[in-house]
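What follows is one structure encoded as structure tokens, with my remarks underneath.
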Amino acid sequence: MGSTTPHGESPAADPVTRFRGIIQDVLDAAENSCGVEALERDLERALALLQRNPGLRPQFETELISLLDSMREGVVELISFTMHDLRWPAVEAAIASRISAPGRNVSHLRLHEAMLDAFSDSWRDRDLYTRFQDRD
């Protein structure tokens, strides 16, 4: 039996598979808690994995973009947190297209706008996260 991390993530798994596991950890934590404090550790894990594997960016972008239509608890936090640092144009464009799409899901509009705001230096929600509190 191979070793796993506390979250069931195999250290030998490829980075995309590990990222999917971290996504699930974030979504599970968001379903079972209130506030970003419970998510921040897993959000940091997600960001670190994305930063360590720049050659897999297209696959990671696909994973993140696929979350945009589900809008489960934790999606806004995951995308906002990681994209505030990374600012990947493909993810930004995918969010913008959902905002401007005819017949868009109006209930998701504010959530998409909140994610798009994270691409700005003046992101309104950045102070919710320890990582961004000390930035000017």
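Our numbering puts the last residue of the sequence shown at 252; the count rises by one with no breaks. For every residue, glycine included, the Cβ atom is placed at its ideal position computed from N, Cα and C.
Select from Leu-183, Ala-209 and Ala-146 the residue whose C-alpha is nearest the C-alpha of Glu-189. Nearest in C-alpha terms to Glu-189, of all of Leu-183, Ala-209 and Ala-146, is Ala-146.
Beta-carbon proximity of Ala-162 to Ile-138, cut-off 9 Å: Taking 9 Å as the cut-off, the beta carbon of Ala-162 is found closer than this to the beta carbon of Ile-138.
For Pro-205, report the span of its alpha helix (DSSP H) as first-last. Run containing Pro-205: 205–216, per the alpha helix (DSSP H) assignment.
Every unbroken alpha helix (DSSP H) inside the segment 146–189 [4 residues or more]: DSSP assignment within the segment 146–189 yields the following whole alpha helix (DSSP H) runs of 4 residues or more, N-terminal first: 156–168 and 173–183.
Residue burial classification, Val-191 (beta-carbon count within 10 angstroms, cutoff 16): Burial call: buried.
Between Asp-241 and the rest of its own chain, which residues show a CB-CB distance below 8 Å, the 5 nearest in sequence each way excluded? The answer, listed in chain order, is Ser-196, Ala-230, Asp-233 and Ala-234.
Top-ranked residue by Cα proximity to Leu-244, from Thr-198, Met-199, Glu-156 and Ile-215: Check the Cα spacing between Leu-244 and each of Thr-198, Met-199, Glu-156 and Ile-215: the tightest is with Glu-156.
Which whole-angstrom value describes the C-beta separation of Leu-184 and Ala-210, a residue pair presumed to lie in contact below a C-beta threshold of 8 Å? Going by Cβ atoms, the distance from Leu-184 to Ala-210 rounds to 6 Å, so yes, they are a contact pair.
If distances are taken between C-alpha atoms only, which option among Gln-140, Leu-194 and Pro-131 comes closest to Leu-89? Summary: the structure shown does not reach residue 89, with the chain confined to residues 117 through 252, and so no result is reported for it.
Does the beta-carbon of Thr-198 have 16 or more other beta-carbons within 10 angstroms, so that it is buried, or is it exposed? Thr-198 is classed as buried because its beta carbon has at least 16 other beta carbons within 10 Å across all chains shown.
Just how far apart, CA to CA, sit Trp-239 and Ala-129? Straight-line Cα distance between these residues: approximately 34 Å.
Does the beta-carbon of Glu-193, which I'm using as the reference point, lie nearer than 8 Å to any heavy atom of the ligand COA? Among the ligands in the structure shown, none appear at all, so the ligand COA cannot be discussed.
Neighbourhood of Arg-203 by C-beta distance below 7 Å, restricted to the same chain and skipping five residues each side: Residues of the same chain with a CB within less than 7 Å of the CB of Arg-203, apart from the 5 flanking positions on each side, are Phe-235 in chain order.
Span separating the alpha-carbon of Gln-167 from that of Glu-177: One Cα belongs to Gln-167, the other to Glu-177, and the distance between them is close to 12 Å.
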